[in-house]
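Residue 72 in full-length UniProt numbering sits at position 72 of the sequence shown, and the numbers go up by one each step.
The structure appears below as structure tokens.
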Amino acid sequence: MKISEILQKEYPNIQDTFISGRDASKMGWTNDNTVNLSGSAYLDDNDVFHYSTSQNIKDNPIDLFNMINLHRTKLMPTYVMKRQYYKGRHINILNRKPTPHGDPDNRRIVNMPKKLVDSFNGYFIGTPIDIAYQDPSEEEATEGNRVNNLIQAMTKHQVLDDVFTEASKWSSVYGRAYLYLYTDEKAYPHITFLDPLNTFIVYDNTIQNKPLFGVTYSYYPDSKGNESLHGQLIEIDDTVPFSNSATSDASLVFDENPDPDTGVDDNLGHPFSQLPIAEIMDNEERIGVFDDLISLVDDLDSAMSAKANDSDSFAASILKVINSELSDEQLKEIYQTRVFNLYLDKAWAESDESKALPMPDAEFMEKPTGDQLQENQIQHDTDFIYQVAQIPNLDNIDFSTSAAQALDFKIHSMKIKALNKETKMKKALTQIWACALQAQGINVDDVDNLEYTFNFTIPHNLLAEAQTANELQSTTSQETAIASLSNVPDAKKEMQKIAAEQDKLAQEAKARTPDPYADSNNSQNDTSQTKGDD
């Protein structure tokens with residue numbers, strides 16, 4: 001089934017397909033060409049591919065084809081749906097059956113997935129990551145300068161802050177994303193990010209769970225109009241293109257010497273000792289920020305749509321007229337003027353005959369509404385969405401002094417979530433920067449001296465922090481007191497700056513103060529005046 005057909009369906013509980021480990025084929029899409037993985041490869045409960053370390057994937061192209069086919073038919077449709085929800089195209093409410101008889105049919109979308117992802121990543125990586133080489137010895141200062149210069153140059157020219165931000169954002173949407181390092185024709189390293197729509201990493205089947213190789217692929221028509229597979233196998237020491245035709249029945253072919261000039265020198269492409277592609281994830285289960293609350297999002301969309309339908313139904317209320325027959329012209333006039341005047345002949349109204357009959361009456365028929373029920377449902381859905389996502393609703397916070405003091409408690413769950421992602425991202429960054437150093441001929445072991453500082457973006461009361469730091473100096477070291485200030489990213493560097501400023505001030509003060517012994521010494525040494533007088 002094609003992606004377009006998947007996006008045109010309504011699912012009883014689309015959340016079943018979002019959580020990793022679920023069999024998406026049971027939710028409505030299958031593919032007759034899907035081939036079960038061999039005994040050397042399998043997909044675990046977190047939707048991660050594993051392959052036997054005793055096998056060489058290039059000697060078993062059918063295994064690679066099977067993994068690509070399973071990824072394309074089982075995993076990619078779920079990623080597409082996640083992307084749609086993030087962009088505000090909520091499939092279930094948009095594909096809902098139309099209401100009968102032309103009744104109001106609003107499709108209100110409250111894009112909570114985007115708000116949650118953007119709020120969390122704004123907190124996690126809204127302030128760029130600080131990456132610096134911390135040299136433990138003074139003898140290796142030159143090596144440290146080479147590393148820091150490379151980091152600064154790549155960060156500036158490649159806008160790595162944006163690369164890391166996008167990789168973090170999409171990992172929260174999909175549950176995973178990838179950083180990829182490649183080199184140009186001059187062997188200069190470049191870092192980019194890849195989404196999991198057509199990329200995956202295969203790990204070994206041991207307890208080490210080491211990444212073996214990465215795969216990127218795409219399908220597009222060949223010269224004869226047949227859909228064909230093209231991609232790259234990313235290994236530790238090489239990147240090998242591959243392809244196969246849809247008419248050749250899974251005969252995948254590796255091309256060790258591709259003809260097209262891609263601008264990358266294959267001889268210098270991967271002089272690395274480890275894989276130049278790394279996975280970024282929010283958690284080990286590869287569960288995105290809104291994966292396990294899609295049913296609540298659908299319910300919130302439904303409640304908001306029902307509320308809008310009720311509002312529209314009042315504008316189309318039915319006028320009920322009792323004991324009076326209206327002509328078509330009268331009905332038309334009422335519809336146009338919005339005025340309805342019921343009256344009786346005065347003589348007939350005062351007669352005994354009129355008293356025996358009910359008087360004419362007109363009123364709008366009231367449709368039962370569940371306004372209070374809908375309000376409660378909307379409030380409960382919204383509250384549970386924030387609770388399950390572990391992301392606080394900061395819109396209703398009064399940033400007064402007392403509220404600012406309680407902010408850390410409110411964001412505690414999000415901080416734990418961010419710290420977990422920080423450890424995962426540091427591991428990926430270390431792997432990527434090791435390849436970057438090696439590409440520039442720098443000792444790969446220097447990557448162990450890289451320090452990554454994640455500056456979580458939260459509002460701070462600097463006056464209160466300054467008072468706290470001042471009080472801490474009486475009970476703790478000055479460095480500990482300085483570290484309590486949120487606007488100081490590195491307490492050690494700040495201590496060095498303070499020491500340097502104090503030395504500079506001391507030198508300036510010394511230069512301004514005359515030496516009290518200078519005149520007396522000159523007087524004692526100068527005897528010419530005395531001899532002259534004698």
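We put the CB at the ideal spot given by N, CA and C, even for glycine.
Per DSSP, cross-strand counterpart(s) of residue i
i	result
V215	F200 and L233
E451	A132
E471	Per DSSP, none; premise fails for E471.
T239	I234
P189	T183
F333	In the sequence under discussion, the amino acid at residue 333 is Glu, which differs from the Phe named in the question. Answer is none; E333 lacks a bridge partner.
E5	Answer is none; E5 lacks a bridge partner.
H50	Y42 and Y203
L275	Note: L275 sits in no beta bridge, so no partner.
V253	S243
I280	A177
Under 8 Å between C-beta atoms of residue i and residue j
i	j	result
Y452	L429	yes
Y217	N198	yes
F254	P61	yes
I287	F120	no
Q478	M495	yes
G214	I191	no
A418	F124	yes
K115	V240	no
M425	S168	yes
F65	L212	no
I68	I14	no
Beta-carbon contacts of residue i that lie in its chain and below 7 Å, excluding the five residues immediately before and after
i	result
Y42	H50
R146	I442
A307	Note that residue 307 is Lys in the sequence shown here, rather than Ala. The answer, listed in chain order, is Q374.
F18	T78, K82, D291 and I294
E285	S20 and N46
S484	E465, T468, A469 and L472
S52	S40 and N205
D259	Its pLDDT being 47, under 50, D259 is placed unreliably by the model, and the measurement read from it follows with that caveat. Closer than 7 Å at the Cβ level, and outside the excluded window around D259, lies no residue.
Q411	Checking the sequence shown, residue 411 turns out to be Ile, not Gln. Excluding sequence neighbours, I411 sits near P392 and I458.
Y86	P113, K114, V117 and V173
Q158	H190 and I191
Q379	none
N- and C-terminal bounds of the alpha helix (DSSP H) containing residue i
i	result
L179	Per DSSP, L179 belongs to no alpha helix (DSSP H); it is in the beta strand (DSSP E), A177 to T183.
I14	Careful: I14 lies outside any alpha helix (DSSP H) and carries neither H nor E.
E508	A491 to R512
F384	D371 to A389
H157	A141 to H157
residue 535	Outside the shown range of the chain, which is 1 to 534, sits residue 535, and nothing can be said about it.
E64	What sits at residue 64 in the sequence shown is Leu, not Glu. That run of the alpha helix (DSSP H) goes P61 to L70.
F456	Element bounds for F456: n/a, residue is neither H nor E.
R83	M76 to Y86
I109	First-last for I109: undefined, no H or E at that position.
V173	L160 to Y174
E285	Taken as a continuous stretch (DSSP letters only), E285 belongs to no alpha helix (DSSP H), as it is neither H nor E.
T476	Counting along the chain, T476 falls outside any alpha helix (DSSP H), and DSSP gives it neither H nor E.
S94	Here residue 94 turns out to be Leu, not Ser, going by the sequence shown. Residues I91 to L94.
Assumed close pair residue i, residue j - CB separation to whole angstroms, cut-off 8 Å
i	j	result
P12	F290	19 Å between Cβ atoms; not a contact.
V48	Y203	6 Å
Q274	I236	6 Å
Y133	L450	6 Å
D195	Y180	The pair is not a contact, with the Cβ atoms about 11 Å apart (cut-off 8 Å).
N487	L462	6 Å
P128	D105	That pair is no contact at about 46 Å.
L296	D371	About 21 Å separates the two Cβ atoms, so there is no contact after all.
I498	A491	Not confirmed; about 10 Å, so no contact.
N111	G88	4 Å
Cβ shell of residue i (< 8 Å), same chain only, five flanking positions each side left out
i	result
V447	T430, W433, A434 and L437
I93	R107, R108, I109, D298, D301, S302 and S305
K427	A278
G28	Legend: pLDDT at G28 = 44, less than 50; position of this residue unreliable, value from coordinates given subsequently. Contacts found: M1, I6, K9 and Y11.
K493	none
D135	A141, E143, G144 and N449
D282	S171, S172, G175, G288, V289, K417, N420, K421 and K424
G122	T457
Close-in-space but distant-in-sequence residues of the same chain around residue i (CB under 6 Å, 5 per side omitted)
i	result
T30	Caution applies to T30, whose pLDDT of 45 falls short of 50 and renders its modelled position unreliable; the model cannot decide the point.
E166	F193
I151	I131
T401	Per-residue confidence for T401 stands at a pLDDT of 48, beneath the threshold of 50, marking its modelled position as unreliable; the derived number appears in the next sentence. None.
I3	V80
Test: residue i CB closer than 8 Å to a CB of chain B
i	result
Q134	The structure shown contains no chain B; it holds only a single protein chain.
Residue range of the beta strand (DSSP E) that includes residue i
i	result
I416	No beta strand (DSSP E) contains I416, which is instead part of the alpha helix (DSSP H) from H412 to A439.
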